[in-house]
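Trainee: Below you will find the structure I want to go over with you.
Number of protein chains: 2
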Amino acid sequence: MARTQAADYEERREAIVERAAELFAARGFLGASVSDIAKACNTSKSLLYHYYPSKEDVLYAVMASHIDKLLGDVETVQAMDATPQEMLRKLLRLFMHHYVGAASRQKVLLNDLDNLPDDKHRIIVGKQRQIVDMVQSLLTGGDPALAKSRAQARAKTMLLFGMINWTGNWYDASGPIKPDDIADMVYDMVTG
Amino acid sequence: MARTQAADYEERREAIVERAAELFAARGFLGASVSDIAKACNTSKSLLYHYYPSKEDVLYAVMASHIDKLLGDVETVQAMDATPQEMLRKLLRLFMHHYVGAASRQKVLLNDLDNLPDDKHRIIVGKQRQIVDMVQSLLTGGDPALAKSRAQARAKTMLLFGMINWTGNWYDASGPIKPDDIADMVYDMVTG
DNA sequence: CCTACCGATCGGTAGG
DNA sequence: CCTACCGATCGGTAGG
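Each protein sequence line maps, in turn, to chains A and B. Residue numbers for the first sequence, in the working numbering: 1 to 192. Residue numbers for the second sequence, in the working numbering: 1001 to 1192.
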């Protein structure tokens, strides 16, 4: 009995996070109310507060689950035996797949980070920095000219993230361009 | 007397827009209250409603004033007698100057577009499309290979906008990289 | 009779 | 697990 409930508990927590991610992505964290989330989950506000202590904790769950997958991509690439260029291309493809596969969570991560309380904000920002640093080291490792100027290397890295982070605003899954195509276009532009 | 008041009226309207832009940029449209804006202007909420009929009209004023400057950049470049490449490089430099010089308004334009009512939303989106189309035509005009595939050209254009639109999240005016440097880095990446 | 402007409060809804 | 609520604050407007 207890085990069945525990299994159900985790399923409901994940269902709440998924519905919340969709609503936060569509209306913003402040624009989507706790009642909205409850309705989307076919439950009551009170039930929602049984699974998460606050609206901000739901937001954190949305962001943490997503960024941990991106950190998993970083670890996958770090375990490769390959050149920086090959690792960068692979990492960009993995990122784009997660960006597209979890578009709502990715949008929430980019738009509503400042709505997290300070302690949770710091955790997410720290993980973002790990990801950015990994990309920057692959970029400078493959291009010795970049290693000379730290500011230039950071700028190029952030231009790269601009390209992939903005895809949520225009990417159309039903079009001819696929996630791998975008990853390769970005790769060619930053290495060409 | 009447002329003095009219002049004051326009000054106050502009001051409200500037303060609102800063607050919307810092907290988001929903996170900044009308009371907050009034406080930042050292006036009352009632006075604010004397100058703008609603909070949404203030948001529209923030966005419209900014995007009209970007459209002015497009017109400046259209009046040039130069190659598509030279026009694109010039346009990117003009954009980056306005992005940096009006960072709050640019951030609001990118983050809070969906908080506009439908009619005003359509106006801003229409102007954005003009800007995107201009950049795309300069990009394909300078690169015949791109003209072959519409989807590829649109993708490259949006990757370009990703780079410059994301700069608000990392650009540091006190660092060694200047707006022209970013514009030229972007230019080199999309044409190289 | 107009405008510019204030302190106080409206009806509803937010997160909890 | 729900209905019924709270203290506070929301965008917007009243009288004067």
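Even glycine gets a Cβ: it sits at the ideal position worked out from N, Cα and C. Since the structure is predicted, the reported quantities are computational estimates derived from the model, not experimental observations.
Rounded to the nearest angstrom, how far is the Cβ of threonine 1167 (chain B) from that of tyrosine 1099 (chain B), given a contact under 8 Å?
Mentor: That pair is a contact at about 6 Å.
Trainee: Helix, strand or coil, according to DSSP, for lysine 69 (chain A) in the structure here?
Mentor: Three-state result, lysine 69 (chain A): helix.
Trainee: Within its chain, find whatever has a CB closer than 7 Å to the CB of aspartate 208 (chain A); leave out the 5 residues flanking it on each side and keep chain order.
Mentor: No statement about residue 208 (chain A) is possible, as the shown extent of chain A runs from 1 to 192 and does not include it.
Trainee: Please confirm whether valine 1186 (chain B) and lysine 1156 (chain B) have their CB atoms less than 8 Å apart.
Mentor: Contact: no.
Trainee: So that I know if they touch, is there some Cβ in chain A lying closer than 8 Å to that of asparagine 1042 (chain B)?
Mentor: No, no contact with chain A.
Trainee: By the DSSP assignment, the alpha helix (DSSP H) with methionine 185 (chain A) in it spans what residues?
Mentor: Unbroken alpha helix (DSSP H) run through methionine 185 (chain A): 179-191.
Trainee: Can you tell which of B:Val1132, B:Ile1131, B:Leu1094 has the C-alpha that lies nearest to the C-alpha of lysine 1178 (chain B)?
Mentor: Answer by Cα proximity: B:Leu1094.
Trainee: Cβ of asparagine 111 (chain A) within 8 Å of Cβ of asparagine 1111 (chain B)?
Mentor: In this structure, asparagine 1111 (chain B) lies closer than 8 Å to asparagine 111 (chain A) by Cβ.
Trainee: Using only CA atoms, which one of B:Ala1025, B:Asp1057, B:Ala1020 lies nearest to cysteine 1041 (chain B)?
Mentor: Nearest C-alpha to cysteine 1041 (chain B): B:Ala1020.
Trainee: Counting contacts by CB-CB distance shorter than 8 Å, is lysine 156 (chain A) in contact with chain B?
Mentor: So, interface residue.
Trainee: Three or more C-beta pairs closer than 8 Å, one from the stretch 123-134 of chain A and one from the stretch 1138-1154 of chain B: is that the case here?
Mentor: Output reads no: the stretch 1138-1154 of chain B does not touch the stretch 123-134 of chain A.
Trainee: Taking the straight line between their C-alpha atoms, what separation do you get for aspartate 1008 (chain B) and asparagine 165 (chain A)?
Mentor: Taking the straight line from one Cα to the other gives about 43 Å.
Trainee: Is the stretch 77-89 of chain A touching the stretch 136-143 of chain A, taking contact as three or more C-beta pairs under 8 Å?
Mentor: In short, these stretches touch, since the Cβ pair count reaches three.
Trainee: So, using beta-carbon positions, are methionine 1096 (chain B) and aspartate 1180 (chain B) closer together than 8 Å?
Mentor: The answer is yes: Cβ separation under 8 Å.
Trainee: Hey, how far is the Cα of asparagine 13 (chain A) from the Cα of glutamine 1136 (chain B)?
Mentor: This sequence places arginine at residue 13 (chain A); asparagine is not what is there. Those two C-alpha atoms are separated by around 44 Å.
Trainee: Does DSSP put leucine 48 (chain A) in a helix, a strand or coil?
Mentor: In this structure, leucine 48 (chain A) counts as helix in the three-state DSSP scheme.
Trainee: As a quick exercise: from A:Ala32, A:Asp119, A:Val77, pick the residue whose alpha carbon is nearest that of leucine 138 (chain A).
Mentor: It is A:Val77.
Trainee: With DSSP as the reference, label glycine 1141 (chain B) as helix, strand or coil.
Mentor: The answer is helix: DSSP assigns glycine 1141 (chain B) an H, G or I state.
Trainee: Of the residues A:Tyr49, A:Ser44, A:Gly101, which one's Cα is nearest the Cα of isoleucine 67 (chain A)?
Mentor: Considering only alpha carbons, the answer is A:Gly101.
Trainee: When the distance is taken between beta carbons, is alanine 38 (chain A) closer than 8 Å to leucine 48 (chain A)?
Mentor: Cβ distance < 8 Å, so leucine 48 (chain A) and alanine 38 (chain A) count as in contact.
Trainee: Taking the Cβ atom as the reference point for each residue, do valine 1074 (chain B) and leucine 1088 (chain B) lie within a distance shorter than 8 Å?
Mentor: Cβ atoms of valine 1074 (chain B) and leucine 1088 (chain B): not closer than 8 Å.
Trainee: Asparagine 1115 (chain B) to glutamate 1056 (chain B), Cα distance in whole Å?
Mentor: Roughly 8 Å between the two C-alpha positions.
Trainee: What residue does the alpha helix (DSSP H) around glycine 101 (chain A) start on, and which one ends it?
Mentor: 84-101 is the span of the alpha helix (DSSP H), which, as asked, contains glycine 101 (chain A).
Trainee: Closest to valine 58 (chain A) by C-alpha separation, out of A:Ala15, A:Ala103, A:Ser174, would be which residue?
Mentor: Selected option, being the one with the closest Cα: A:Ala15.
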